[in-house]
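Visitor: With the UniProt record's numbering applied, the sequence shown covers 1 to 657.
Positions of the beta carbon are idealized from the N, C-alpha and C atoms, including for glycine.
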Amino acid sequence: VVYEQEGVYIHSSCGKNDDQDSLMSGILRVIEKENEVIVDWRPLDDTLDTSNILCAGKDSSSVVEWTQTPKEKCPQGADRPSSYEAEWDMVTTVSFKKKPHSNGDATTHANGESKWSFLFSLTDLKSIKQNKEGVGWSYLVFCLKDDVKLPALHFHHGDSKLLIECLEKHVVLSESPQDKRILLVNSQNKSLSQSFENLFDEPSYGLLQKLKKDPYTVTMGRFSKVTNYIFESFRLSDPSSQRRPPSEMADFLSDAIPGLKINQQEEPGFEVITRIDLGKQPEVSRREPVSVEEWAKNMDSEGRILNVNYIKQLIFKGGLCHTLRKEAWKFLLGYFPWNSTKEERANLQKRKTDEYFRMKLQWKSVSEEQEKRNSRLRDYRSLIEKDVNRTDRTNKFYEGENNPGLILLHDILMTYCMYDFDLGYVQGMSDLLSPVLYVMENEVDAFWCFVSYMDQMHQNFEEQMQGMKTQLIQLSTLLRLLDSGFCSYLESKDSGYLYFCFRWLLIRFKREFSFQDILRLWEVMWTDLPCQNFHLLLCCAILESEKQQIMDKHYGFNEILKHINDLSMKIDVEYILCKAEAISMQMMNCKELPQAVSEILGIESSSVTPDSDTGEDESGAVLSCPKSVYQSISTPVIAANGTSTQQMSETQSLTPA
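(1) Quick check on this structure: which residue in Phe461, Phe515, Phe500 and Met551 has the alpha carbon closest to the alpha carbon of Ser488?
(2) Does the beta-carbon distance from Val39 to Phe120 come in below 8 Å?
(3) Evaluate Arg351 with the Cβ neighbour count: other Cβ atoms within 10 Å of its Cβ, from every protein chain shown; 16 or more gives buried, anything less gives exposed.
(4) Measuring only the C-alpha atoms, how far is Cys449 from Val436?
(5) Taking the alpha helix (DSSP H) that Tyr555 belongs to, which residues open and close that run?
(6) Quick one: Cα of Met569 to Cα of Leu153, how far?
(7) With a 10 Å radius around its C-beta and 16 neighbouring C-beta atoms as the bar for buried, classify Glu302 as buried or exposed.
(8) Using a Cβ-Cβ distance cut-off of 8 Å, determine whether Val1 contacts chain B.
(9) Could you tell me how far apart the beta carbons of Met118 and Tyr139 are, in whole angstroms, since I believe they sit closer than 8 Å?
(10) In whole angstroms, give me the CA-to-CA distance for Tyr3 and Val30.
(11) Where does the unbroken alpha helix (DSSP H) through Phe316 begin, and where does it stop?
(12) Is the distance from the Cβ of Glu574 to the Cβ of Arg325 below 8 Å?
(13) Say whether the stretch 532-548 touches the stretch 476-484, bearing in mind that this needs 3 or more beta-carbon pairs closer than 8 Å, one atom from each stretch.
(14) For Tyr380, I'd like the list of residues in its chain whose CB is within less than 6 Å of its CB, leaving aside the five on either flank, ordered along the chain.
(15) Taking a contact to mean a Cβ-Cβ separation below 8 Å, would you say Gln474 touches Leu536 in this structure?
(16) When you compare only the Cα positions, how much space is there between Leu506 and Met468?
(17) Does the beta-carbon distance from Ser375 to Asp147 come in below 8 Å?
(18) Closest by CA to Lys180, which one among Ile128, Pro151 and Val171?
(19) Below 8 Å on the Cβ atoms is my contact criterion, and I expect Leu529 with Lys312 to pass it. Report the Cβ-Cβ distance as a whole number of Å.
(20) Could you name the residues of the same chain whose beta carbon sits closer than 7 Å to that of Gln459, not counting the 5 residues immediately before and after it, in chain order?
(21) Going straight from the alpha carbon of Ile164 to that of Glu512, what length do you get?
(22) Beta-carbon within less than 8 Å of Val91's beta-carbon, same chain only, minus the 5 sequence neighbours each way: which residues are those?
(23) In three-state DSSP terms, what is Val436?
(24) On the criterion of 16 or more Cβ atoms from any shown chain inside 10 Å, does Gly26 qualify as buried, or is it exposed?
(25) Tell me the DSSP bridge mates of Trp41?
(26) If we ignore side chains and look at the alpha-carbon of each, how far apart do Gly318 and Asn558 end up?
(27) List the endpoints of the continuous beta strand (DSSP E) containing Gln5.
(28) Would you identify the three-state DSSP class for Cys321, choosing helix, strand or coil?
(29) First and last residue of the alpha helix (DSSP H) that includes Leu184?
(30) Could you tell me how far apart the beta carbons of Phe486 and Lys547 are, in whole angstroms, since I believe they sit closer than 8 Å?
(31) Are Leu432 and Lys510 touching if we call contact CB-CB under 8 Å?
(32) Verify whether the separation of the beta carbon atoms of residue 729 and Met24 is less than 8 Å.
(33) Leaving out five residues before and five after Ala582 in sequence, what residues of the same chain have Cβ atoms less than 6 Å from its Cβ?
(34) Report back the beta-carbon spacing between Asn395 and Phe515 to the nearest angstrom; my notes put them in contact at under 8 Å.
(35) Nearest to Leu383 by CA position, among Leu413, Ser340 and Phe397, is which residue?
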């Protein structure tokens, strides 16, 4: 508790009569709770514990209406636990009936005693209205971002300035130009916009502001539509000049992600990458997907994977047959340990089932009244429902409005909000979950695989966008090494920031490839071969494939964005995987690879000369050479002519870089 003040009143019948009963005395507190700051007011006789709002117990039948709902027919997997989840059937049937309500009811409880209590997070505060100086008691009115106005708080026993001073330690307050009594909250560390609203129904000046504030939403939509509006926006927004040159576009886009710097030659501390001859890209072939028989041969009698490196390399070179994905993805994503036995995995699933349904019970047990008073949970639910309704329906698993797959998608995402309430739900997460749920055909397994995937992708969705900044800078570094001429061309067209790759990186190409192709692409990336950040080399492969057309046709800023956006669903996944693999080999074989690139790809610099007989230095330590870690694999590969060839002996040692 960083602030506490008694004698803070609500005048419930203000203006109607002077009855003393219309004055309700209460306590106002500002509470720091984990990464959140809460403002909480409640009457002196109100004993409601705010910490329980999201943690209703199993027996809290007072907050929900327990109703038996017909069981949805969900796809059954062969390896799905047969009886254990039945113990949790009641959790799935818990629901509460929604009643229509308006914003005006936001502070009303189900019982009369707590009718006026309220609490809210500072992240939801829009403005504070103050009383006129010298007129009556000092009072404040809080207005939230969803335009809910809370009851005026009258400070009978003291001034409200101490509260304002306390709040200013956590948010920036500034006077409204229209009314000096109103303090506006300036959210400098504003959370990412988490909405799929259609930007293109707005006037162009509105779109300009949306793009500046929220590159996520813009790039998740049809980015090509943005470009024609954008130049109009500049003309409309500048009264002193009806036209602005396209050269200012780069400056505008750099504001969309503050702190992003691409031109590393101008940045102190960065290595200047000069033109380096990488040599010719090698020819690369891919093999057939890993079969059930190959997977079974690499497992002992207790269910342990015998040679993890070998099986990962098989997957990298060919992917998995669909029958194997349900089992293999759990290993690739880290839900199952690679060295676990079948029995250990069964026990793990049992524990994880318990844990999942306890979290699911939390949000299932939140009443309508409680949810109205927790704006973050309410917002999460609203955003999830919107995104789930926009799920790609080309896959039969998600066809229809009330499809069981869509219901499970919603429930898993809501439960993830309980698992990581600070991050909650951000636009794009449903794109990452839908293929996982499709493959798992099981609510619990899909959730924990999604949790593991989000552990990898977490930084993409954090409000500072540090993960996205880093990846765009790294991508620019790799592309400059690969083709400095193409980089210079993009910069000359105000496209050096590579914003057209934003969506690729944010949701790992989910909207660029067909549903089946994304399954193949993801499982290859999850092997972490042949180097770290292989997804950046996939971006390089796509851009290099399109370089000729972009440069030959002299595409400008608009045309580049439109062209890249129009590639969606037209990219050959096998071709791009081959090209990205060839680029990785090309870079790993380079003797003068810049340190910045080595760090991005996770390749240790080596002092070993090409003709060294051993990989050891004078101390006997083994040194790592920049080389392709899968070149020693013994697998049948499908060459360009369709013939099958054998590369090397199966007994060859496999050592990852």
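Guide: So, from the data block:
(1) Taking only the C-alpha atoms, the option nearest Ser488 is Met551.
(2) Result yes, Cβ atoms of Val39 and Phe120 sit closer than 8 Å.
(3) That one is exposed.
(4) Answer to the nearest angstrom: the Cα atoms are 7 Å apart.
(5) No alpha helix (DSSP H) contains Tyr555, which DSSP labels as neither H nor E.
(6) Roughly 56 Å separates the two Cα atoms.
(7) With fewer than 16 other Cβ atoms within 10 Å, it is exposed.
(8) Looking at the structure shown, chain B is missing, and only one protein chain is on hand.
(9) The question names Met, yet the displayed sequence has Phe at residue 118. Rounded to whole angstroms, the Cβ separation of Phe118 and Tyr139 is 15 Å, and the two are not in contact under 8 Å.
(10) Using only the alpha carbons, I get a separation of about 5 Å.
(11) Element bounds for Phe316: Val308 to Gly318.
(12) Contact check for Glu574 against Arg325 fails: the beta carbons are separated by 8 Å or more.
(13) Cβ pair count under 8 Å is three or more, so yes.
(14) By the criterion of a C-beta distance shorter than 6 Å, Tyr380 is surrounded in its chain by Cys417, Gly424 and Tyr425, once the five residues flanking it on both sides are discounted.
(15) Taking 8 Å as the cut-off, the beta carbon of Gln474 is found closer than this to the beta carbon of Leu536.
(16) Each residue's Cα considered, the two are about 7 Å apart.
(17) Taking 8 Å as the Cβ cut-off, Ser375 and Asp147 do not qualify as a contacting pair.
(18) Of the candidates Ile128, Pro151 and Val171, the one whose C-alpha sits nearest the C-alpha of Lys180 is Ile128.
(19) About 6 Å separates the CB atoms of Leu529 and Lys312; that is less than 8 Å, so the two are in contact.
(20) Contacts found: Gln466 and Gly467.
(21) C-alpha separation (whole angstroms): 48 Å.
(22) In this prediction, Val91 scores a pLDDT of 46, lower than 50, which makes its location untrustworthy; no coordinate-derived value is stated.
(23) In the structure shown, Val436 sits in a helix (DSSP, three-state: H, G or I).
(24) Buried, by the Cβ-count rule.
(25) Answer is Leu28 and Phe118, bridged to Trp41.
(26) Computed Cα separation, rounded: 37 Å.
(27) The continuous beta strand (DSSP E) containing Gln5 extends over residues Tyr3 to His11.
(28) Collapsing the DSSP output to three states places Cys321 in coil.
(29) Here Leu184 belongs to no alpha helix (DSSP H); instead the beta strand (DSSP E) covers Ile182 to Asn186.
(30) About 5 Å separates the CB atoms of Phe486 and Lys547; that is less than 8 Å, so the two are in contact.
(31) The Cβ atoms of Leu432 and Lys510 lie closer than 8 Å to each other.
(32) This structure cannot settle anything about residue 729, because the visible part of the chain is limited to 1 through 657.
(33) Closer than 6 Å at the Cβ level, and outside the excluded window around Ala582, lie Gln281, Pro282 and Val284.
(34) Correct: roughly 5 Å between the Cβ atoms.
(35) Answer by Cα proximity: Leu413.
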